[in-house]
Ligand SMILES: Cc1cc2nc3c(=O)[nH]c(=O)nc-3n(C[C@H](O)[C@H](O)[C@H](O)COP(=O)(O)O)c2cc1C
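Residue numbers (the numbering used here): 24 to 264.
Listed below in structure tokens is the structure:
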């Protein structure tokens, strides 16, 4: 196996950090790795806001469900899809298409994953923060995000102060198939995976959480998440047509 594969296969989210800061060299290497990600039609439809002002960080944390590691991580970056830049350089550009939301989200996600993998390869750790979409109107005001820009996810980075277990993924044969979509789910495999996830949570939480994977997705998908999202996208000039 290569060193890159080793790093990727040992990913787990880190939510507890030491106080040690990243060096400029580390930060620049992570940024360069993020920027090296592929980009749809070379649109480079992303902007990353590094939140360094402690007061601002506290306010951002409050908008993101007060997740403590947003405040304690050495770095907190907000990854945004960005078509504002294109409109500034080429004012006649046509934007607002649903497809462009996908382009912005995909480009930015690829950057984010490159950033985290680069950080992990340096012995650092991190966790993505989808909660930047909890109160997106307020976050836009706080970070001065103009029309054409939407926050997609945050990324906490720092030196790990914990060593969590790897979280078991679905069996590869369920997530990868050949030539066509499988006619039905392999129930036996699902059952085994449910047990594996339940065991993982039991061990990780000392018995406090006793949830299978299907139990978890049942809870998560029982209701609409962030019901204001379409209105927010429209206000920011996304998904208008
Ligand atoms: C887009 C995205 C948003 C996420 N948002 C949060 C978050 O707000 N808070 C958090 O603690 N973890 C968050 N996570 C981390 C996931 O919970 C985690 O990746 C998943 O449970 C798998 O665990 P692992 O990363 O340790 O393998 C997010 C992950 C992704 C990809």
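No residue lacks a Cβ here, since even glycine has one placed at the ideal position from N, Cα and C.
Cut-off 7 Å between Cβ atoms - residues of its own chain near residue i, not counting five sequence neighbours on either side
i: residue 120; result: 264
i: residue 82; result: 165
i: residue 215; result: none
i: residue 112; result: none
i: residue 236; result: 216, 217, 220
Proximity below 9 Å, CB of residue i to CB of residue j
i: residue 219; j: residue 183; result: no
i: residue 70; j: residue 107; result: yes
i: residue 97; j: residue 178; result: no
i: residue 142; j: residue 149; result: yes
i: residue 256; j: residue 158; result: no
i: residue 131; j: residue 175; result: yes
i: residue 129; j: residue 63; result: yes
i: residue 66; j: residue 28; result: no
i: residue 124; j: residue 116; result: no
Enclosing beta strand (DSSP E) for residue i [first to last residue]
i: residue 169; result: Here residue 169 belongs to no beta strand (DSSP E), and DSSP marks it neither H nor E.
i: residue 115; result: No beta strand (DSSP E) holds residue 115; DSSP gives it neither H nor E.
i: residue 104; result: 98-105
i: residue 149; result: 148-152
i: residue 72; result: 69-73
Sequence-distant residues of its chain with Cβ nearer than 6 Å to residue i (five each side left out)
i: residue 259; result: 170, 173
i: residue 181; result: 40, 96, 97
i: residue 145; result: 49
i: residue 262; result: 121, 124, 256
i: residue 161; result: 86
Residue i: CB within 8 Å of a non-hydrogen atom of ligand 1
i: residue 53; result: no
i: residue 87; result: yes
i: residue 63; result: no
i: residue 190; result: yes
i: residue 30; result: no
Rounded separation between residue i and residue j - CA only
i: residue 228; j: residue 137; result: 30 Å
i: residue 88; j: residue 103; result: 19 Å
i: residue 156; j: residue 73; result: 16 Å
i: residue 48; j: residue 213; result: 44 Å
i: residue 76; j: residue 100; result: 12 Å
i: residue 201; j: residue 68; result: 32 Å
i: residue 233; j: residue 114; result: 54 Å
i: residue 52; j: residue 231; result: 39 Å
i: residue 253; j: residue 24; result: 43 Å
Sequence-distant residues of its chain with Cβ nearer than 8 Å to residue i (five each side left out)
i: residue 266; result: An answer regarding residue 266 cannot be provided, because it is not within the stretch 24 to 264 covered by the chain.
i: residue 195; result: none
Opening and closing residue of the alpha helix (DSSP H) in which residue i lies
i: residue 11; result: A question about residue 11 goes unanswered here, because the residues of the chain that appear run from 24 up to 264.
i: residue 225; result: 210-227
i: residue 238; result: 236-243
i: residue 81; result: 77-86
i: residue 195; result: 195-198
i: residue 140; result: 121-144
i: residue 64; result: Element bounds for residue 64: n/a, residue is neither H nor E.
i: residue 56; result: 47-58
Beta carbon proximity, residue i to chain C, threshold 9 Å
i: residue 51; result: Here chain C cannot be found, since the structure has a single protein chain.
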